[in-house]
Amino acid sequence: MVRRKDKMAVPVSNLLAKELVKQLSVSDFVKHEPNRNDPLQFAWVFKTSDGQTYYIKFVFTDNCHKVIFISFHLDY
Numbered sequence: 296m297v298r299r300k301d302k303m304a305v306p307v308s309n310l311l312a313k314e315l316v317k318q319l320s321v322s323d324f325v326k327h328e329p330n331r332n333d334p335l336q337f338a339w340v341f342k343t344s345d346g347q348t349y350y351i352k353f354v355f356t357d358n359c360h361k362v363i364f365i366s367f368h369l370d371y
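Numbering (the numbering used here), first residue to last: 296 to 371.
What follows is the structure in structure tokens.
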């Protein structure tokens, strides 16, 4: 996990991130959009709740064998 540069950013621990990802479901899906860094790739956006709401955005790489999280933070 990389710390966000935004002053309001609240880091999510690795342990919490892993637990939230394990619990993701189709009902948490919000949208997909072209990845700003690679227009041939889609970014997938989810919002899930574990007492608080988390914004999670990721892309699939390596022929869909790897997931890279672009954003993972509390949703305000």
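We treat Cβ as the ideally placed atom computed from N, Cα and C, and that holds for glycine.
Go ahead and label residue i buried or exposed: buried means 16 or more other beta carbons lie within 10 angstroms of its beta carbon, across all protein chains shown.
i      : result
Phe324 : exposed
Lys352 : buried
List the whole-angstrom C-beta distance separating residue i from residue j, where the pair is believed to meet the contact cut-off of C-beta under 8 Å.
i      : j      : result
Thr356 : Tyr349 : Wrong, their Cβ atoms sit about 22 Å apart, outside the cutoff.
Val354 : Phe337 : 7 Å
Val340 : His327 : 7 Å
Leu319 : Asp345 : In fact, because the Cβ distance is near 11 Å, the residues do not count as touching under 8 Å.
Any idea which residues DSSP pairs residue i with across the strands?
i      : result
Leu369 : Tyr349
Asn330 : Asp333
Ala312 : In DSSP, Ala312 forms no bridge with anything.
Val321 : In the DSSP output, where bridge partners are listed per residue, Val321 has none listed.
Val340 : Lys326 and Lys352
Would residue i and residue j qualify as a contact pair, given that the criterion is a beta-carbon distance under 8 Å?
i      : j      : result
Leu311 : Gln347 : no
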